[in-house]
Every structure is written in C-alpha cells, then in structure tokens.
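Chains A and B, in that order, are what the protein sequence lines are.
So the first sequence is numbered by my numbering: it starts at 6 and just counts up by one.
So the second sequence is numbered by my numbering: it starts at 6 and just counts up by one.
2 protein chains.
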Amino acid sequence: MSEQFQVKADPELWAKLDMDVERFSNIPPMLTGVFNDVFLSQENRPQGMGYFDNMVSNIFTGRIQEMYDAREEGRPVVGTFCVYVPEEIIHAAGGVCVGLCGGSQGSIGDAEKILPRNICPMVKSAFGFKVGRICPFFQVVDFVYGETTCDAKKKTWELLDEYVPTHVMEIPQMKRERDKKLWVEEVKDFKTAIEQQTGKDVTETELKQAIETMNAKRKAMQRLNDLRHHDPSPISGRDMLLIQQIAFYDIPERFTEKVNELCDELEARIKTENYVAPKGTTRLMVSGTPMALPNWKLHNIIEKSGAVIVNEESCIGTRYYKDTISTDGTNMEQMLEKLTERYMQIDCSCFTPNDDRIDQVIKEYRESGAQGIIDYCLQFCHTYNIEAVKLRQACEKEGIPFLAIESDYSPEDVGQLQTRIEAFIEQIQD
Amino acid sequence: MSEQFQVKADPELWAKLDMDVERFSNIPPMLTGVFNDVFLSQENRPQGMGYFDNMVSNIFTGRIQEMYDAREEGRPVVGTFCVYVPEEIIHAAGGVCVGLCGGSQGSIGDAEKILPRNICPMVKSAFGFKVGRICPFFQVVDFVYGETTCDAKKKTWELLDEYVPTHVMEIPQMKRERDKKLWVEEVKDFKTAIEQQTGKDVTETELKQAIETMNAKRKAMQRLNDLRHHDPSPISGRDMLLIQQIAFYDIPERFTEKVNELCDELEARIKTENYVAPKGTTRLMVSGTPMALPNWKLHNIIEKSGAVIVNEESCIGTRYYKDTISTDGTNMEQMLEKLTERYMQIDCSCFTPNDDRIDQVIKEYRESGAQGIIDYCLQFCHTYNIEAVKLRQACEKEGIPFLAIESDYSPEDVGQLQTRIEAFIEQIQD
C-alpha cells in the first residue's frame with residue numbers, strides 16, 4: 006500500500022467549487038510526500054489503518070464529491086471550527102458537518118494580507134484557505150458556524166462573513182445555571198438556522214436518531230482510546246491523531262464502523278502481543294490546543310524521537326468524545342437540554358474557572374499510563390497558554406514530568422523542539 | 006510649579022500596606038523625571054492642570070492615604086480593570102473604586118516569571134505589580150473585580166486570585182435580549198458582593214445618589230472633551246489623557262468639580278483666543294486600546310512630532326464617559342436595569358458584531374475636527390487588533406487618513422514609531 010499511496014486530484018470538481026485550481030494543484034503531491042514520511046514510514050501499522058489512509062487519499066476528491074452531492078440533494082453542509090457546535094442537529098436534518106480548522110502553513114500568507122500576524126495559526130490558516138480559495142471543504146459548505154470561544158476566532162468571523170455566510174453562536178464564559186439558560190437558547194437558534202437552510206423542521210425522531218448516531222461514534226472513539234492505552238501500545242500516536250482528525254470530516258456511521266473494526270483488530274493484537282512500540286518505550290501524553298489536519302508536526306517529532314504518544318487531551322482528541330448525550334430526553338425541549346448539558350461538560354480553556362480541565366488532564370494521564378505530559382499550545386492562544394500555568398502547578402504537585410510547548414505551523418522551530426523533546430524524554434528515562 | 010514638582014514618597018504608609026518598600030522607593034523619582042519631561046515641558050498649560058499635577062504628585066501618598074482611611078472606616082475599596090464594572094454600586098455603598106490597569110514596563114518582568122510573554126502588556130504589568138508588591142493601589146484594595154472581556158484578562162484573574170481576592174463578572178459577548186438578562190444578573194451579583202463586604206444593603210436612595218454623582222462626572226468629562234475639540238486646541242492631548250487617567254482613581258465629586266473649573270477656564274481661553282497649539286497644527290485622533298497611567302508613550306511621541314491630539318476613542322477616553330444612566334428608574338430593580346443598559350452601550354471590541362464602534366469612531370472623528378486617526382493597539386490584543394481591519398476599511402471608504410500602531414510599554418520601538426508618525430503627519434499636511 007505504502008508505495009501506491011497518493012492524495013488524489015480532481016481539477017474538474019475543484020473548478021465547480023470555484024477554487025483556485027492552478028494553485029491548489031500543488032497541494033495533493035505535497036500532502037502525499039508528507040503523509041508518506043509521517044505515516045507510511047511507520048512499521049507494523051494495524052491493517053485497519055488502510056481505511057483511514059484511504060480517507061486521506063480521497064480528502065480532496067471522493068469525500069468532497071460526497072459533500073457536493075449532499076448539497077445538490079438539498080442537504081445542509083455546515084462548516085465548523087469547534088467542538089461546541091452541536092453536530093447532532095446537523096445530522097438530524099440529514100446534513101453534513103465538517104470541521105474546517107486550518108492546520109497548514111500554506112494559507113497563512115493569504116490570511117496575513119488581512120489579519121494581524123500575531124494571532125493563532127489555526128485561525129489564520131483557516132481564514133487564508135477561504136480567502137485564497139484553496140480549500141475544497143470551505144468551498145463546498147452552505148455556511149460556516151462559528152462560535153465565541155476565543156478572541157481571535159470571535160473577531161475573525163466578522164471578517165470571514167464577507168467571504169462565506171458565517172453564523173455565530175455565543176458560548177458563555179462560565180458554567181452556571183444562567184449560562185446554561187443562554188446556551189440552550191443558542192442551541193435552539195442553531196436548530197432554527199439549520200431548519201431555515203433545509204426548509205423543514207427537525208423532528209424529535211430525527212434528533213433522537215442523530216443523538217444515538219453521535220453517541221455511538223463517541224463511544225467507538227472512547228473504546229479505541231482505551232485500547233490504545235494498553236502498555237505496550239498497539240497503535241502509534243500519529244495514527245491515533247489521524248483518526249481523530251478524520252472524525253471531523255467523515256460520515257459518522259461509516260467512521261464508527263471502521264473505528265470499531267480497528268478496535269477488534271487491536272484487541273486481537275493485544276492478545277497476540279503484537280505492538281507498535283516495544284515495552285519500555287517512553288509513553289507521553291499530549292494536552293492542550295487542537296491539531297487540525299495536516300498539523301502532524303509535534304507528533305512526528307515526538308515519535309521520531311523514540312517516544313510513543315498514548316493520549317491526546319485536546320479538541321481533536323478526548324474532548325471531542327469523552328462525553329455522550331443522556332438519552333433520557335423524550336421530547337424536543339428535553340433533548341435539546343440534555344444535548345446542551347453534554348456540550349457544557351467540554352472543558353475548553355475558554356471557561357473560567359476551569360479547574361475541571363486540570364483534573365481531567367491528570368485523570369487521563371493516569372488512565373493512559375503516560376510517563377509525562379507535553380502541553381501543546383498554538384502560538385498566541387492566550388487561554389490555553391495561561392491555563393498551562395495552573396496545569397504546570399498541578400503536575401508539579403503530583404510529580405508528573407511536564408513540558409510546555411508553544412508553536413505554530415512553520416518548520417523553523419523543529420530543530421529546537423526536537424532538542425527540547427529529546428531532553429524531556431531523557432529526563433523521564435533517568 | 007514645574008521646578009518644584011515631585012512625586013511624593015511615604016515609606017511608612019507603604020510598609021503598612023506590605024509593599025516591597027525598598028524596591029518601590031525607586032519609582033517616585035523615576036515618575037517625577039518622566040512627568041517633568043512629558044507634561045511640565047509643555048508651554049502655556051491651563052492653570053487648572055495644577056490640580057491634576059498635584060494628583061500625580063500624591064499618587065502614591067495622599068490619595069493612597071485617603072483610600073487607606075476609607076478602608077479603615079469599613080468602606081469597601083475595590084480594584085477594577087475595566088469600564089464594565091459598575092462603579093455606581095461601589096459609590097452607593099460608600100466605597101472607593103480604583104482602576105488598577107497597569108501601564109508600566111517596570112512590573113512586566115515580575116509577571117513574566119509566571120505568565121506567558123506574548124500577552125497584553127497591560128495585563129502583565131498589572132499582574133506584575135501585585136506579584137512584586139510594588140503598587141500601593143493593589144495593596145490597599147479589599148478585593149479586585151475582574152471581568153471576562155478578553156482571553157488574557159479572563160484567564161489571568163484565575164492566577165491573580167492566589168494573591169488578592171478576585172471576583173469575576175461575566176460580560177456577555179453579544180448584546181441581545183438574552184445577553185442583557187444575563188448581564189443584569191451579573192450586576193445584581195456585584196451588588197451582593199459589595200453588600201457582603203460592607204455588611205449592609207445598598208438602598209435605593211444611595212444608588213440613586215451614586216448614579217447622579219457618576220452621571221455628573223461623566224457629563225463634566227463630556228463638557229471638557231467638547232471644549233477640547235475647539236480648533237485651535239485650548240488644551241493638549243497629553244493633558245487630556247492625564248485627566249482621563251486620573252478619573253480612574255480620584256474621588257468622583259472632587260474630580261467633577263475640578264474638571265468643571267478647568268472647563269470654565271478653557272471657555273475663557275477660547276474667548277481670548279489663548280490656545281496651546283497654533284491654528285494649522287495637525288489634529289489627530291487616537292482610537293483603540295486604553296492607555297493606563299503612566300503609559301504616555303504614544304501621546305508624547307505624537308505631540309512632540311508637532312501634532313495635537315484632539316480625541317481619545319478609548320476606555321481611558323470617551324468610552325468611559327460618552328454614556329450616562331437614565332434616571333427614569335425609580336425602584337432598585339428598574340435602576341439596576343437602567344444601569345445595565347448604560348453599560349451595554351459601551352462598544353468594547355470584545356463584542357461581536359461591534360459595528361456600533363466603527364460608527365462611533367467616525368462620529369468622534371468628525372466631531373473633534375481631527376484630520377487623521379491613529380489606531381492604537383496594545384500588543385497581542387486580538388480583539389482590537391482584528392477590529393482594526395474593519396476600522397481601516399471604514400476609514401478608507403470615508404477618505405480618512407488612518408495609521409494602525411501596535412505597541413507595548415518598552416522604549417525599543419520609540420524611534421520606529423516616531424518615524425511612522427512623522428510620515429503620517431507629513432502625509433496629512435500634503
């Protein structure tokens with residue numbers, strides 16, 4: 006498989022999406038190269054990764070075609086940037102929810118022609134993709150659903166709206182009863198926005214079904230992450246990151262099935278003691294800000310330095326699937342309330358206070374059998390960056406080795422990161 | 006007066022406030038030097054500035070002693086960082102409200118031992134003042150009232166609370182009916198916090214009186230700013246900035262009286278055509294982030310480059326006093342609602358959308374007879390920094406010369422700023 010892998014191209018489809026086809030044509034070969042280096046160079050990968058590799062191969066073609074077809078059928082295609090946008094409602098309306106978070110250096114120059122330089126690379130990357138018309142996902146969506154989780158995103162949506170309709174959901178900054186009240190109203194507005202797009206109401210049956218579908222997806226990911234915690238590790242951190250990234254653009258039912266198939270395989274591998282990293286490999290956990298596809302920089306450095314990553318406490322990680330929605334709600338009002346309660350459990354650093362997250366990181370550290378935490382912060386992400394102070398304090402108290410890293414998508418700091426990470430691994434091994 | 010000016014010292018008082026007296030003793034002479042250079046070197050200043058110069062002279066002594074005495078009398082002394090904290094409630098309880106925003110480079114090193122470097126200098130400066138025990142204001146307060154207007158402040162309060170009790174008020178991110186509902190609840194909580202501090206309830210009569218007092222203060226500042234808009238200018242931008250800074254730590258009634266006296270003097274000066282800048286001096290307006298005392302950097306550069314500043318669209322500027330509270334409310338519930346409505350009119354960039362602010366900047370530009378706008382953004386302030394994109398677009402549309410500047414408190418960029426500002430002034434004069 007590894008020799009034949011390539012990220013496919015479909016200039017005709019891209020032209021239909023009003024993309025800058027000429028410029029974009031450089032991207033698939035570039036991604037093919039990086040993917041070969043980061044993923045296909047690994048040994049003894051689980052067979053089940055074939056499906057996910059294929060999803061990368063089709064990332065700009067087959068999957069986009071599916072979304073294009075959905076839109077042609079009148080099903081809403083909604084772009085999001087955050088785990089707080091309740092995708093259950095999109096699925097209930099027969100729609101497609103696609104995470105648009107930008108993870109690439111290539112579009113940042115486009116963004117910096119308009120946006121300030123010293124804001125988060127994810128926000129810049131995403132904005133640049135739209136401005137440059139070099140992201141088929143951005144081009145295929147009916148609208149974007151933004152939220153107010155951080156200053157940079159909140160203010161960038163105002164500018165993005167000039168390029169693609171961008172609705173914004175207010176996420177409160179605390180988690181008290183009055184905040185929940187506001188949040189439920191926001192969820193209801195979101196439902197209305199989706200219904201306006203489709204021209205018909207979401208029914209209780211549809212929402213119930215969508216909640217079950219998404220719960221099943223999140224449970225499959227929980228199962229996978231539990232298996233992955235086995236020592237020695239049956240799957241690499243890179244492969245796990247990839248799966249967690251694909252979770253944001255695959256069809257939920259299909260994805261769930263494939264994750265569960267991979268889980269079956271990992272269970273069998275554990276029984277036969279067939280691992281990807283030998284016993285004694287340093288086990289690290291990553292916490293912090295999300296790594297949007299194709300941001301594989303830190304994982305690549307860590308695992309090529311000889312450690313294995315055993316957990317991601319991140320939006321593209323456990324924060325996306327650690328909680329499911331209670332199915333106690335029977336009518337629309339109750340279901341929306343239960344849904345909101347689930348989303349309120351997500352412990353993004355945008356909340357204050359947010360001590361639950363500190364506890365959660367320590368809990369995941371214990372459960373994953375990690376030997377140290379690397380806290381990853383996207384450059385200029387104030388909330389995670391400042392919260393890292395509290396996290397460091399907690400780790401010091403618990404005697405957990407802790408390394409805080411702030412980085413962007415550029416290759417400039419790779420050497421320096423390598424040095425720091427290798428020193429951290431040595432310190433753990435001592 | 007100018008030869009005798011000095012910022013006074015009171016080591017005994019500082020020791021009672023548990024300050025780092027030895028280290029702090031360097032500050033008054035340093036501030037004396039800067040004040041002489043920035044303010045007392047100006048010619049033909051209004052007589053009425055004597056009071057405000059005196060407030061600076063007593064900034065670490067007489068005024069602190071007054072606050073100390075208030076605290077000894079059981080009156081609450083509350084530190085704030087934002088124009089969204091409703092000071093009427095503090096005054097109604099007989100308390101003292103003091104703006105703590107840090108405007109100095111001297112405490113940033115203390116902060117950076119704990120906080121990330123790449124956040125707003127105002128937040129770092131303030132946090133460093135407390136950590137280093139080198140700010141008598143911080144030491145004299147009973148507690149700090151923070152808010153959630155930006156990521157850096159919101160998350161820093163969690164850390165500040167380890168040094169001084171820090172209550173946080175949630176400010177919503179939009180301005181719809183549901184946001185107002187939440188906001189009114191926050192205001193009520195604030196009232197409760199003050200009442201818990203004093204041990205007695207705020208009465209309707211007290212609140213009514215405090216609203217009138219603060220309305221009178223804001224109206225005096227409006228009057229002063231209107232007079233200052235006269236062409237030629239009867240007062241410098243530096244002096245205006247100083248008065249607007251002192252507004253955050255003086256006693257309201259006394260301050261109002263002195264501002265009105267100065268207004269009388271300026272009216273007389275306008276009649277006799279006695280101005281501080283000759284007809285034809287380039288008139289600039291500053292918009293953007295607040296300049297906390299002693300941050301006089303930009304004003305000093307601009308006015309020493311030969312222009313005069315005729316308006317500050319800023320929290321330490323018009324945002325603090327452009328709106329007053331409707332006195333239609335007769336009972337507590339109504340008064341708190343009217344109060345909240347007034348605070349909701351403030352157009353901080355933390356809101357989305359925030360087009361009202363763009364309109365307000367243009368309006369103030371017209372009213373002040375400015376010939377160009379310098380938008381000032383504290384480094385790493387994402388909300389103002391990104392909003393500057395929209396502001397630039399609006400200025401281009403209106404044909405208004407516009408210069409965006411991002412800076413911190415360090416002297417390193419002074420030369421570069423000077424060059425840019427001189428070029429901007431030349432461009433306007435052409």
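Note that the Cβ used here is the ideal one computed from N, Cα and C, for glycine as well.
None of the values given here were measured: they were computed from a predicted structure.
Quiz item: Under the rule that 16 or more other beta-carbon atoms within 10 Å means buried, what is residue 181/B, buried or exposed?
Solution: Translated into positions along the second sequence, residue 181/B becomes position 176. Looking at its Cβ environment, which holds fewer than 16 other Cβ atoms inside 10 Å, residue 181/B is exposed.
Quiz prompt | Rounded C-alpha distance that separates residue 334/A from residue 340/A | solution = Within the first sequence, the letter at position 329 stands for residue 334/A. Within the first sequence, the letter at position 335 stands for residue 340/A. For residue 334/A and residue 340/A, the distance between alpha carbons rounds to 4 angstroms.
Quiz item: Distance, Cα to Cα, residue 299/B vs residue 108/B?
Solution: Reading the second sequence from its first residue, position 294 is the one you call residue 299/B. Reading the second sequence from its first residue, position 103 is the one you call residue 108/B. Near 5 angstroms, if we compare the C-alpha coordinates of residue 108/B and residue 299/B.
Quiz item: Are the C-beta of residue 83/B and some C-beta of chain A separated by less than 7 angstroms?
Solution: In the second sequence, counting from the first residue as 1, residue 83/B sits at position 78. So, not an interface residue.
Quiz item: What in chain A is Cβ-close to residue 385/B, meaning under 8 angstroms?
Solution: In the second sequence, the residue the question calls residue 385/B occupies position 380. Ordered by position in chain A, the residues that pass the 8 angstroms Cβ test against residue 385/B are 123, 385 and 387.
Quiz item: Of all the CB atoms in chain B, is at least one closer than 7 angstroms to the CB of residue 342/A?
Solution: Taking the first sequence and counting its residues from 1, the one referred to as residue 342/A is at position 337. No, its Cβ sits nowhere closer than 7 angstroms to a Cβ of chain B.
Quiz item: What does a CB cutoff of less than 7 angstroms around residue 36/B pick up in its chain, not counting 5 residues either side in sequence?
Solution: In the second sequence, residue 36/B corresponds to position 31, counting from 1. The answer, listed in chain order, is 12 and 299.
Quiz item: Is any beta-carbon of chain A found at less than 7 angstroms from that of residue 276/B?
Solution: To locate residue 276/B, count along the second sequence from 1; it is residue 271. Answer no: the Cβ-Cβ gap between residue 276/B and chain A never drops below 7 angstroms.
Quiz item: Starting from residue 114/A and walking both ways along the alpha helix (DSSP H), at which residues does that stretch end?
Solution: As a position in the first sequence, residue 114/A is number 109, starting the count at 1. Residues 113 to 117.
Self-check item: Candidates 312/A, 295/A, 351/A and 72/A, of which the one nearest residue 380/A by Cα
Solution: Your numbering for residue 380/A matches position 375 in the first sequence. The candidate whose alpha carbon is nearest that of residue 380/A is 295/A.
Quiz item: Terminal residues of the continuous alpha helix (DSSP H) containing residue 82/B?
Solution: For this step, residue 82/B is matched to residue 77 along the second sequence. Premise fails: residue 82/B lies in the beta strand (DSSP E), 82 to 85, not in any alpha helix (DSSP H).
Quiz item: If you check the beta carbons only, do residue 467/A and residue 127/A fall under 7 angstroms apart?
Solution: Limits of chain A in this structure are 6 at one end and 435 at the other, which puts residue 467/A out of reach.
Quiz item: If you follow the beta strand (DSSP E) that residue 277/B is part of, which residue opens it and which one closes it?
Solution: The sequence position of residue 277/B within the second sequence is 272, counting from 1. Where residue 277/B is concerned, there is no enclosing beta strand (DSSP E), given that its DSSP letter is neither H nor E.
Quiz prompt | Among 41/B, 383/B and 310/B, the one whose alpha carbon lies nearest that of residue 429/B | solution = As a position in the second sequence, residue 429/B is number 424, starting the count at 1. Of the listed residues, the one whose Cα sits closest to residue 429/B is 310/B.
Quiz item: Going by DSSP, what residues sit across from residue 292/A in a beta bridge?
Solution: If you number the first sequence from 1, residue 292/A lands on position 287. Note: residue 292/A sits in a beta bridge opposite 318/A and 380/A.
Practice problem: Can you pull the chain A residues whose beta carbon is under 8 angstroms from the beta carbon of residue 437/B, in chain order? | Solution: Because residue 437/B is not part of the residues shown, which for chain B are 6 to 435, the question remains open.
Practice problem: Have a look at residue 409/A and residue 362/A and give me their C-alpha separation to the nearest angstrom. | Solution: Working through the first sequence from its first residue, we reach residue 409/A at position 404. Working through the first sequence from its first residue, we reach residue 362/A at position 357. Taking the straight line from one Cα to the other gives about 16 angstroms.
Quiz prompt | Close beta carbons around residue 89/B, own chain, < 8 angstroms, minus the five adjacent residues each side | solution = If you number the second sequence from 1, residue 89/B lands on position 84. 152, 154, 174, 176, 348, 351 and 353, listed in sequence order.
Practice problem: Examine the Cβ distances between the stretch 161 to 173 of chain A and the stretch 156 to 167 of chain B and report whether three or more of them are shorter than 8 angstroms. | Solution: no
Exercise. Excluding the 5 residues preceding and the 5 following residue 406/A in the sequence, name in chain order all residues of the same chain whose CB lies nearer than 6 angstroms to its CB.
Key: As a first step, residue 406/A is located in the first sequence; it is residue number 401 there, counting from the start. Correct list, in chain order: 377 and 433.
Quiz prompt | Residues that residue 161/B contacts on chain A, provided the C-beta gap is smaller than 7 angstroms | solution = In the second sequence, the residue the question calls residue 161/B occupies position 156. Those within 7 angstroms of residue 161/B in chain A are 391.
Quiz prompt | Residue interval of the beta strand (DSSP E) (run including residue 235/A) | solution = As a working note, residue 235/A is residue 230 in the first sequence. That residue, residue 235/A, is in no beta strand (DSSP E); it is neither H nor E in DSSP.
Quiz item: Does DSSP put residue 130/A in a helix, in a strand, or in coil?
Solution: Working through the first sequence from its first residue, we reach residue 130/A at position 125. It is helical.
Practice problem: State the beta-bridge partners of residue 151/B as determined by DSSP. | Solution: Position 146 of the second sequence, counted from the first residue, corresponds to residue 151/B. DSSP output for residue 151/B lists 173/B as bridge partner(s).
Quiz item: By how many angstroms is the C-alpha of residue 55/B removed from the C-alpha of residue 241/B?
Solution: Looking up residue 241/B in the second sequence gives position 236. Looking up residue 55/B in the second sequence gives position 50. If you take the alpha carbons of residue 241/B and residue 55/B, they lie about 14 angstroms apart.
Quiz item: For residue 42/B, which option in 284/B, 325/B, 143/B and 244/B has the closest C-alpha, if you only look at C-alpha atoms?
Solution: Within the second sequence, residue 42/B is the residue found at index 37, counting from 1. Comparing Cα positions, the closest option is 244/B.
Quiz item: With a cut-off of 7 angstroms, does the C-beta of residue 156/B fall near any C-beta of chain A?
Solution: Residue mapping note: residue 156/B aligns to position 151 of the second sequence, counting from 1. Yes, because at least one Cβ of chain A sits closer than 7 angstroms to the Cβ of residue 156/B.
Quiz item: According to a CB-to-CB cut-off of less than 8 angstroms, which residues of the stretch 129 to 155 of chain A neighbour chain B?
Solution: 153 and 155
Quiz item: Can you tell me whether DSSP reads residue 104/B as helix, strand or coil?
Solution: Translated into positions along the second sequence, residue 104/B becomes position 99. Residue state, collapsed to three classes: strand.
Practice problem: Taking all protein chains shown into account, decide if residue 20/B is buried (16 or more other Cβ within 10 angstroms of its Cβ) or exposed. | Solution: The sequence position of residue 20/B within the second sequence is 15, counting from 1. Residue 20/B comes out exposed.
Quiz prompt | As assigned by DSSP and simplified to three states, the class of residue 282/A | solution = Taking the first residue of the first sequence as 1, we reach residue 282/A at position 277. The answer is coil: DSSP assigns residue 282/A none of H, G, I, E or B.
Quiz prompt | DSSP-derived helix/strand/coil call for residue 109/A | solution = As a first step, residue 109/A is located in the first sequence; it is residue number 104 there, counting from the start. Three-state DSSP puts residue 109/A in coil, outside helix and strand.
Exercise. Could you please give me the residues that DSSP links to residue 411/B through a beta bridge?
Key: Numbered from its first residue, the second sequence carries residue 411/B at position 406. Bridge partners of residue 411/B: 382/B.
Quiz item: Does DSSP put residue 88/A in a helix, a strand or coil?
Solution: Against the first sequence, residue 88/A aligns to sequence position 83. In this structure, residue 88/A counts as coil in the three-state DSSP scheme.
Quiz item: By the 10 Å Cβ neighbour count, where 16 or more other Cβ atoms means buried, how is residue 58/A classified, buried or exposed?
Solution: Position 53 of the first sequence, counting from 1, holds the residue named residue 58/A. That one is buried.
Quiz item: Mind checking whether residue 125/B and residue 356/B have CB atoms under 7 angstroms apart?
Solution: Counted from its first residue, the second sequence places residue 125/B at position 120. Counted from its first residue, the second sequence places residue 356/B at position 351. The answer is no: Cβ separation not under 7 angstroms.
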